[in-house]
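Trainee: In order, the protein sequences belong to chains V and L. Note that the numbering used here has the first sequence beginning at 28, numbered continuously upward. Note that the numbering used here has the second sequence beginning at 399, numbered continuously upward. Heads up, the beta-carbon is just placed ideally off N, CA and C, and yes, glycines get one too.
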Amino acid sequence: MNYQKIEMQQLFPFVKQQLFSAYNLFGYEELTLPLFEKYEKYLQYKAVNDDALLKLIDRTGSILVLRPDATFHVLKTIGSMDFSSNRYCYMTNIFRFKENNYEKNDTLQSGVELFNSSSPLADAEIIALAIESLKALGINNIHFDLGHSQFVHQFLKEIGITKETDIHYYHSLIENKNLIALGDSLDKENITQKNIELLSSIAMLFGDYPTVINKAYDMCINAKMERFLQEIESIYDALDAYDLCNYIHLDLGFSNPMNYYSGMIFKGYVVDYGEAVISGGRYDKLAQQFASKKFACGFGQNIDVTLDILSNANLPAPKKIFRIGGTDTCTATRLAARLRHNNQKCVLLCDEADDAQSDDAFAVQIDIGDTHTTVTDANGTKTLNTKDLLNNAEELLC
Amino acid sequence: MLKLAVAKGRTEKEVLKLFEQCGIYFDEYNKTRKLILQDRDAKLELILTKPVDTTVYVEAGAADCGIVGKDILLENNADVYSLMPLDIAKCKMCVAKKRGTNFDQNKFITVATKFPRITKKYFDEKNMDCKIIYLSGSVELAPILNIADVIVDLVQTGTTLKENDLVIADDIIDNVSACFIANKVSLKTKFAEFESLMQKLNTAMRLREEE
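#1: Relative to the alpha-carbon of glutamine 371 of chain V, which residue among V:Glu379, V:Asp378, V:Phe99, V:Leu362 has its alpha-carbon at the smallest distance?
#2: Who does isoleucine 395 of chain V pair with in a DSSP beta bridge?
#3: Starting from alanine 510 of chain L, trace the beta strand (DSSP E) both ways and give me its first and last residue.
#4: Going by Cα to Cα distance, which pick from L:Lys529, L:Tyr520, L:Ala510 is closest to isoleucine 542 of chain L?
#5: Threonine 587 of chain L touches chain V at which residues, Cβ-Cβ below 8 Å?
#6: Assuming leucine 102 of chain V and tyrosine 66 of chain V form a contact by the criterion Cβ under 8 Å, report the distance between their Cβ atoms to the nearest whole angstrom.
#7: Counting along the chain, where does the alpha helix (DSSP H) carrying asparagine 222 of chain V start and finish?
#8: Answer with buried or exposed for isoleucine 33 of chain V, where buried requires no fewer than 16 other C-beta atoms within 10 angstroms of its C-beta.
#9: Assuming alanine 97 of chain V and glutamine 136 of chain V are in contact, meaning their beta carbons sit under 8 Å apart, how far apart are those beta carbons, in whole angstroms?
#10: Whole-angstrom Cβ separation of methionine 28 of chain V and isoleucine 330 of chain V, contact assumed at under 8 Å?
#11: Provide the residue(s) that pair with proline 483 of chain L in DSSP beta bridges, ordered along the chain.
#12: Could one say the Cβ of histidine 276 of chain V lies closer than 8 Å to chain L's Cβ atoms, at least one of them?
#13: Taking the straight line between their C-alpha atoms, what separation do you get for glutamate 443 of chain L and glutamate 609 of chain L?
#14: Rounding to the nearest angstrom, what Cα-Cα distance links alanine 151 of chain V and asparagine 341 of chain V in this structure?
#15: Return helix, strand or coil for serine 145 of chain V, following the three-state DSSP convention.
#16: For the alpha helix (DSSP H) that contains aspartate 469 of chain L, what are its first and last residues?
#17: So, under 8 Å CB-CB, phenylalanine 322 of chain V and phenylalanine 142 of chain V are touching, yes? Tell me the CB distance rounded to an integer number of Å.
#18: Taking the alpha carbon of isoleucine 570 of chain L as the reference point, which residue from L:Arg606, L:Val550, L:Phe589, L:Ile422 has its own alpha carbon closest?
#19: If leucine 400 of chain L sits next to glutamate 591 of chain L, beta carbons under 8 Å apart, how far is it from one beta carbon to the other, in whole angstroms?
#20: The alpha helix (DSSP H) that contains methionine 526 of chain L, what's its start and end?
#21: Does DSSP classify threonine 87 of chain V as helix, strand or coil?
#22: Verify the CB distance criterion: does asparagine 76 of chain V have a CB-CB separation below 8 Å to chain L?
#23: Closest Cβ-Cβ distance between proline 514 of chain L and chain V: below 8 Å?
#24: What separation, rounded to the nearest whole angstrom, lies between the Cα atoms of serine 146 of chain V and tyrosine 244 of chain V?
#25: Would you say leucine 472 of chain L lies against chain V (beta-carbon separation less than 8 Å)?
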């Protein structure tokens, strides 16, 4: 987030409120996450590239890592406490060193995690919540790609690509849809022409759900791959009941060598914005390893990107605000207390210098003199008797 | 409309030729100094960028796709789809040394280059210690003026090397050519337009091969 920009500072509370109310409506509870973790613990996690970690050395000489990812901390937190809920959400900063970014290393991220269910209903809930959270911000030109993290992986395994360095290499070619290099390299490994063609087609296997899912079955070379497609189908069927299928497209060329995700995987885009705003999926293995939970799925939303997308949007009008000042400070203070008690936003002006008027159109200025009080709002000015003010405060002003 | 970022210079000229073979015409080209041009059918917008910056525009989504040398693509380590190599602007990337010197892999050497990332990766893989001096052009000067032992640079015909008394010591990337790249979101959200453009490019490339 660009902290120095007033627009961003104004936008952020709106985004935070809308997202948390969406998460809350689905029953997700907010978690607060720790900032540091011991470096050795991160080494087991492997989800973030070592070069990207921001490290500190404490007084004893041990290395600490500044939170580079939220999911690990969610897992550690709920794994070490006796929580009763299965649904958690958060909004927090994450810190990563970015090679091509000369200014800042922190990113705001929000997210949700759903534990203990392997049902397609759980996967569908996460995707539905991801879509709803964008809609809650007034973003409607949404495009979601759904895939399976093991589909490409299983294909590579079946054709005999099992060495870790090879797996990484091929995943990166597929991830970048570099079909020429893919074909050349597979040719050298003596993979059959038919399988090379199949894998190239899988890399480009994205688009409308009905078209792609049918094509995909023709590209399975073992029963496991078919099972992954059936998983996708049951998630899509579950999403149908949410009436959200028109946002869902498929990408079965999603490739995931880091072993982070174990099941379905998805990305959320906003049309005409060049970067994914949401990414998520199922990560059962990590949940077992770090939180002793059998199943888990969730998503993370990049708030920096979200703010950037919204920077030109029209926000809903802010709440009416009363600005109260004048010579009769005692009445002013009492009136402010009365109005706040009635859930009205109220600023008590301390002195002449204290009169910033940034939201003029929504402000009601009240100048309380010893005998007369002037009330000014967008509609004009009226004069009231100061003595009557407190008795009829709500009636006069609301 | 698709926005296409193209590296100015050598790539740009060959790309424009290729487009004419595809039946895509930019009438304003060469008649104005505008950096953004539209084609005759208003289906494609051409954005002329500095070669090293092309991937930046595509990665950020300011351009949906781009045509850029593989050298820049590797050097910038851009997070984009590299959909197809185009058979244009071909050259290779080499280590070159002064004629008559040795390229001793056990010695500490100084390398001058425009491509520090590719260079570092190459020397790391060879397990060689080196110091890299970044230069933004005319890299051939470095060995002549004795600030570097060798250079890492693109070689097309070898004339520049020869005239500066340099010879190739090793090839790093055999086949550097222009690549058609895409923004990772645009490819999904504008796929129909991509498909039609790539088909045209493919046809034009096949025509070239037949020639």
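Mentor: Straight from the coordinates:
#1: V:Leu362
#2: V:Gly353, V:Thr400
#3: 507-511
#4: L:Ala510
#5: His170, Tyr296, Val298, Asp299
#6: Not really, about 17 Å apart at Cβ, beyond 8 Å.
#7: 220-230
#8: exposed
#9: 6 Å
#10: 7 Å
#11: L:Cys577
#12: yes
#13: 28 Å
#14: 30 Å
#15: coil
#16: 468-474
#17: 7 Å
#18: L:Val550
#19: 5 Å
#20: Where methionine 526 of chain L is concerned, there is no enclosing alpha helix (DSSP H), given that its DSSP letter is neither H nor E.
#21: coil
#22: no
#23: no
#24: 22 Å
#25: no
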